[in-house]
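Asker: Chains F and V, in that order, give the protein sequences. Mapping of the first sequence onto this note's numbering: residues 1130 to 1312, in sequence order. Mapping of the second sequence onto this note's numbering: residues 35 to 556, in sequence order.
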Amino acid sequence: MRQSERASTGPGARLDRREFLKAGAAAAAIAVSGSALIHAGEAWGLEVRTLQPATVRTLILMARDIYPHDRLADKYYAIAIKPWDIKAAQDAATRTMLEDGVATLDGFAKARHRQPYVDVAWEADRVVLLRHIQDGAFFETVRSGLIVSLYNQHEIWPLFGYEGESAAKGGYIHRGFNDLEWL
Amino acid sequence: MAQFDRNDDSVVVIVGSGAGGGTLGTDLARRGINTVILEAGARYEIEDFVNDEWASFGQLAWTDARTTSGTWRVHRNFPNLPAWIVKAVGGTSIHWAGASLRLQEHEFRTRSVYGGLGGANLLDWPITLAEMEPWYAKAEDRMGTTRTNNIPGLPGNNNFKVLEAGARKIGYKEVNTGRMSINSEPRDGRGACQQIGFCFQGCKSGAKWSTLYAEIPKGEATGKLEVREQCQVLHIEHDARGLVTGVVYADKDGALQRQKARVVAVAGNSLESPRLLLNSASSMFPDGLANSSGQVGRNYMRHTTGSVYAIFDKPVHMYRGTTMAGVVRDEAVNDSSRGFVGGYELETLSLGFAFTAAFLDPGAWGRSFTSALDSYDHMAGLWIVGEDMPQETNRVTLDPVVRDRFGMPVASVHFDDHANDLAMRAHAYDRGRAIYEAVGAVRTFPTPPYPSTHNLGTNRMSEKPRDGVVNKWGQTHDIRNLFIADGSQFTTGGAENPTLTIVALATRQADTIAGMMARKEI
Ligand SMILES: Cc1cc2nc3c(=O)[nH]c(=O)nc-3n(C[C@H](O)[C@H](O)[C@H](O)COP(=O)(O)OP(=O)(O)OC[C@H]3O[C@@H](n4cnc5c(N)ncnc54)[C@H](O)[C@@H]3O)c2cc1C
Ligand code: SF4
Chain F
1130 MRQSERASTG PGARLDRREF LKAGAAAAAI AVSGSALIHA GEAWGLEVRT LQPATVRTLI
1190 LMARDIYPHD RLADKYYAIA IKPWDIKAAQ DAATRTMLED GVATLDGFAK ARHRQPYVDV
1250 AWEADRVVLL RHIQDGAFFE TVRSGLIVSL YNQHEIWPLF GYEGESAAKG GYIHRGFNDL
1310 EWL
Chain V
35 MAQFDRNDDS VVVIVGSGAG GGTLGTDLAR RGINTVILEA GARYEIEDFV NDEWASFGQL
95 AWTDARTTSG TWRVHRNFPN LPAWIVKAVG GTSIHWAGAS LRLQEHEFRT RSVYGGLGGA
155 NLLDWPITLA EMEPWYAKAE DRMGTTRTNN IPGLPGNNNF KVLEAGARKI GYKEVNTGRM
215 SINSEPRDGR GACQQIGFCF QGCKSGAKWS TLYAEIPKGE ATGKLEVREQ CQVLHIEHDA
275 RGLVTGVVYA DKDGALQRQK ARVVAVAGNS LESPRLLLNS ASSMFPDGLA NSSGQVGRNY
335 MRHTTGSVYA IFDKPVHMYR GTTMAGVVRD EAVNDSSRGF VGGYELETLS LGFAFTAAFL
395 DPGAWGRSFT SALDSYDHMA GLWIVGEDMP QETNRVTLDP VVRDRFGMPV ASVHFDDHAN
455 DLAMRAHAYD RGRAIYEAVG AVRTFPTPPY PSTHNLGTNR MSEKPRDGVV NKWGQTHDIR
515 NLFIADGSQF TTGGAENPTL TIVALATRQA DTIAGMMARK EI
């Protein structure tokens, strides 16, 4: 796991057991501070304007659980979710859909684990919760949005070995279009 | 560049500037015939193209509303995107990959060869391969198709190397880098392929044939062709004799205009062409123009497609170089012992990372999906192109509710696979998997059909007026000065990518129209 390991060995290791369990939860990587989300480990913050910060924090974890890539830092999921805060500001229906959707998800989480979604520690348990809602409009809206907002971030392409734009570099004619030798 | 008066009723009006319309317009102009192409999309040039899948999609694709129904998975995953085609000058010849294969002899006579097949509305073409051969030869020459006219084949990229090795290992013989309308060496004022790898986003080197830069400018240079961009034709008008007299279109400012015409040729691709005929219904033609057979919009075909992607323990980088870099043709024969009639081609295909995420398994999520993307650079891919069965119920109609910004009802596309299509796809998935497993694939995926790139059959060609919409010249049976110049003419789809046939038919049709005009038959 990402942040939980650091939390148990770094300065936070002196936390008492209850707090330690909390820190061990996946979303502990991202803290809510006023209207902002703070990611100490990755050293970034995100100002949330319209949605509740806790809602955005849940959406970011949900994004990772829907499309988990261990090689991707949380910031890419945060960037993928951020546009929802802007859309929510422009459209009350979107705002309600997201707030209600997260509330429903948290409801399932509390019924099963007595904790909101972000505090359910294991990915496998959270995925079971997502399966409960996967046929609903909320899940589908968030998931389908990620297809573009996550995977079209050009910054992540090199992490998957995709080289992107090629015409300006002269194409691949001298850059390995037929360099495969292992067959 | 020519500019014709809207009241000039001596011009030929062509609707759409893609593979069919752009070719026809250029050829008519070369023959000295005044021609106006009305194109709904805008004009972009090579320097405007972007090597970025979503940005390019936003620039070029037809994203105006369409609706869908039926059991095809596209309806579930992309309910408003039945087809992935272009709205721009040059049409889908900007997007296309360049594969240029002739239809086979038996594919012009499927009713005779395949027999009656439950649910399939099979019909023989009113033309034969022998009749088409000279036109195919002309088309290959104008498009610079590799492996014809002494043009060498393209070099194979990594994706092709994997396909070729696997295919040979399981015994396939006809495996090569295909017949591609992409320059393997400089020709026709255009350079050779730089293996850029964004063929679907518009070829930035101009090596790939497109009506946008390989045809239309030649037509314009004659002073006989005017291309009016951002002009969407809304309906076709006719007179009391039942002959067409012109079209009404919305210009780039949304203002309605009327262009008079001596002849109208519709080439809006197989969703828009029937939409336009149906939307032109009048008291004389209550079911739409040229629709006395009731076949306008019916028999919609999209090829039996699907992809197989495979992951290897070593890198492939499939996205480098030509998108469609080679073909296996052994399964393109008609051999009903496989459990279906007709055949299919297997062609390499690659998508960039962004489109792989969107199309590998639409709607999927979780680690099974993401672990596949994690191996993106170790992936190879192929695309299945097989003959699908025409069915009367697979059809384009006018949506009863949804209208576009000009108030024109949008195209509604209904599609169900025929049992033959399903059997063929299952067979092709299996063979694709076998190809890749033969060279050590650790994981393979059957990827469902994308939104349709090949759209065919909705104004089909028939010998008898009661069986189809146009005759062997693409002239509508009902109205002698109304023609269809795009893939909607196809009586059946064959196993081959359609554009070479569309261009060959348009080249032939230009000859026909010029002759009929000279003889004052139209
Ligand atoms: C990604 C992709 C890859 C492909 N690869 C291949 C390949 O390798 N080989 C092959 O053979 N084929 C390929 N194709 C298919 C090929 O591009 C099409 O078959 C071909 O372009 C169709 O030609 P067309 O003239 O029928 O229509 P199009 O080329 O689509 O042109 C139709 C034009 O009409 C315009 N139009 C529509 N309605 C109106 C209206 N009412 N008023 C004015 N204008 C209108 C549209 O905007 C469009 O520009 C591919 C397609 C795609 C999408
Ligand atoms: S690979 Fe060749 S054909 Fe395709 S876009 Fe690049 S230069 Fe053009």
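In this text, a Cβ means the ideal position worked out from N, Cα and C, and glycines have one as well.
Identify which residue in F:E1310, F:T1223, F:Y1206, F:N1281 has its Cα closest to the Cα of V:G386.
Answerer: Of the listed residues, the one whose Cα sits closest to V:G386 is F:N1281.
Asker: Could you tell me which chain V residues have their CB closer than 8 Å to the CB of F:H1198, listed as they occur along the chain?
Answerer: In chain order: T404, L407, D408.
Asker: In its own chain, which residues sit with a C-beta less than 6 Å from the C-beta of F:L1258, not counting the 5 before and 5 after it?
Answerer: For F:L1258, where only same-chain residues beyond five positions count, the Cβ hits under 6 Å are F1237, A1238.
Asker: Mind checking F:E1269: buried by the 16 CB within 10 Å criterion, or exposed?
Answerer: So F:E1269 ends up on the exposed side.
Asker: Report the option in V:H351, V:T357, V:G397, V:R437 whose CA atom is closest to the CA atom of V:R309.
Answerer: Of the listed residues, the one whose Cα sits closest to V:R309 is V:R437.
Asker: When you compare only the Cα positions, how much space is there between V:S341 and V:N68?
Answerer: C-alpha separation (whole angstroms): 44 Å.
Asker: Is V:G466 near ligand 2, in the sense that its beta carbon is under 8 Å from a heavy atom of that ligand?
Answerer: The answer is no for V:G466.
Asker: Who are the near neighbours of F:A1154 in its chain, counting only those whose CB is closer than 6 Å to its CB and skipping five residues on each side?
Answerer: In this predicted model, F:A1154 has a pLDDT of only 44, less than 50, meaning its place in the structure is not dependable; the value taken from the coordinates is given anyway. Cβ neighbours of F:A1154 beyond the five flanking positions: D1248, A1250.
Asker: Within 10 angstroms of its Cβ, does F:R1178 collect 16 or more other Cβ (buried), or is it exposed?
Answerer: Answer is exposed; the Cβ neighbour count stays below 16.
Asker: Interface residues of chain F around V:K242 at Cβ under 9 Å?
Answerer: In chain order: nothing, as chain F lies at least about 12 Å away.
Asker: Starting from V:R437, follow the beta strand (DSSP E) in both directions and report where the run begins and ends.
Answerer: 429-437 is the extent of the beta strand (DSSP E) around V:R437.
Asker: Which runs of the alpha helix (DSSP H), 4 residues or longer, sit entirely within the segment 231-294 of chain V?
Answerer: Taking only runs of at least 4 residues, the alpha helix (DSSP H) segments lying wholly in the segment 231-294 of chain V are 250-255.
Asker: For V:K286 and chain F, any beta-carbon pair shorter than 9 Å?
Answerer: No - not a single Cβ of chain F is within 9 Å of the one on V:K286.
Asker: Should the segment 531-545 of chain V be regarded as contacting the segment 161-178 of chain V, the criterion being three or more beta carbon pairs within less than 8 Å?
Answerer: These segments touch.
Asker: Less than 8 Å between C-beta atoms, sequence neighbours within five positions excluded: which residues of the same chain meet that for V:Q37?
Answerer: Cβ within range, chain order: E260.
Asker: Would you say the beta carbon of V:E141 comes nearer than 8 Å to a heavy atom of ligand 1?
Answerer: Every heavy atom of ligand 1 is 8 Å or more from the Cβ of V:E141, so no.
Asker: By how many angstroms is the C-alpha of F:V1256 removed from the C-alpha of V:H452?
Answerer: Rounded to the nearest angstrom, the two C-alpha atoms are 37 Å apart.
Asker: By DSSP, does V:V209 sit in helix, in strand, or in coil?
Answerer: Strand.
Asker: V:V473 versus chain F: which residues are under 8 Å apart at the beta carbon?
Answerer: Correct list: L1312.
Asker: Skipping 5 residues on each side, what residues in its chain have a beta carbon closer than 7 Å to that of V:L58?
Answerer: Here the set comprises I48, A299, A301, A519, A540, Q543, A544.
Asker: Assuming F:D1203 contacts F:H1168 (C-beta within less than 8 Å), just tell me the rounded distance between them.
Answerer: The pair is a contact, with the Cβ atoms about 6 Å apart (cut-off 8 Å).
Asker: Would you verify that the beta carbon of V:G360 is, or is not, closer than 9 Å to some beta carbon of chain F?
Answerer: For V:G360, the answer is no, since every Cβ of chain F falls outside 9 Å of its Cβ.
Asker: Going by DSSP, what residues sit across from V:L380 in a beta bridge?
Answerer: According to DSSP, which records beta bridges pairwise, V:L380 is partnered with V:V362, V:I418.
Asker: Buried or exposed: F:E1148, going by 16 or more other Cβ atoms within 10 Å of its Cβ?
Answerer: Bear in mind that the predicted position of F:E1148 carries a pLDDT of just 41, short of 50, making it unreliable; the figure below should be weighed with that in mind. The residue in question, F:E1148, is exposed, as its Cβ has fewer than 16 Cβ neighbours within 10 Å.
Asker: Closer than 7 Å between beta carbons: that is the criterion. Which residues of the segment 1273-1288 of chain F meet it against chain V?
Answerer: Residues I1276, V1277, Y1280, N1281, W1286.
Asker: Would F:A1152 count as contacting chain V if we go by Cβ distances under 9 Å?
Answerer: With a pLDDT of only 41 at F:A1152, under 50, the local geometry of the prediction cannot be trusted, and the value read off the model is given with reservation. Cβ-Cβ to chain V under 9 Å: no for F:A1152.
Asker: Since F:Y1291 meets chain V, which of its residues come closer than 8 Å, beta carbon to beta carbon?
Answerer: Result: Y353, G386, F387, Y410, D411.
Asker: What does V:I345 touch in chain F if you count any residue whose Cβ is under 9 Å from its own?
Answerer: Residues of chain F passing the Cβ test: none, with the nearest at roughly 12 Å.
Asker: Within 9 Å (strictly less), CB to CB, does V:F83 reach chain F?
Answerer: Output row for V:F83: interface = yes.
Asker: Of the choices V:R213, V:G205, V:N191, whose alpha-carbon is the least far from that of F:N1307?
Answerer: Considering only alpha carbons, the answer is V:N191.
Asker: Who's in the neighbourhood of ligand 2, going by beta-carbon under 6 Å from any heavy atom, listed in chain order?
Answerer: Those residues are F:G1300, V:I216, V:C227, V:Q228, V:Q229, V:I230, V:G231, V:F232, V:C233, V:C237, V:S239, V:A241, V:K242, V:G355, V:T356, given in chain order.
Asker: Any heavy atom of ligand 1 inside 8 Å of the beta-carbon of F:S1295?
Answerer: Checking the Cβ of F:S1295 against ligand 1 gives no.
Asker: Going by the CB atoms, is the gap between V:V367 and V:G380 shorter than 9 Å?
Answerer: Before going on, a small fix: residue 380 of chain V reads as Leu here, not Gly. Contact flag unset, no.
Asker: What are the residues of the segment 220-244 of chain V that lie near chain F, defined by any Cβ-Cβ distance shorter than 8 Å?
Answerer: The segment 220-244 of chain V vs chain F, Cβ under 8 Å: C227, Q228, Q229, I230, G231, F232, K238, S239.
Asker: Shorter than 8 Å, the distance from the beta carbon of V:Q93 to the closest heavy atom of ligand 1, or not?
Answerer: Flag unset: Cβ of V:Q93 not near ligand 1.
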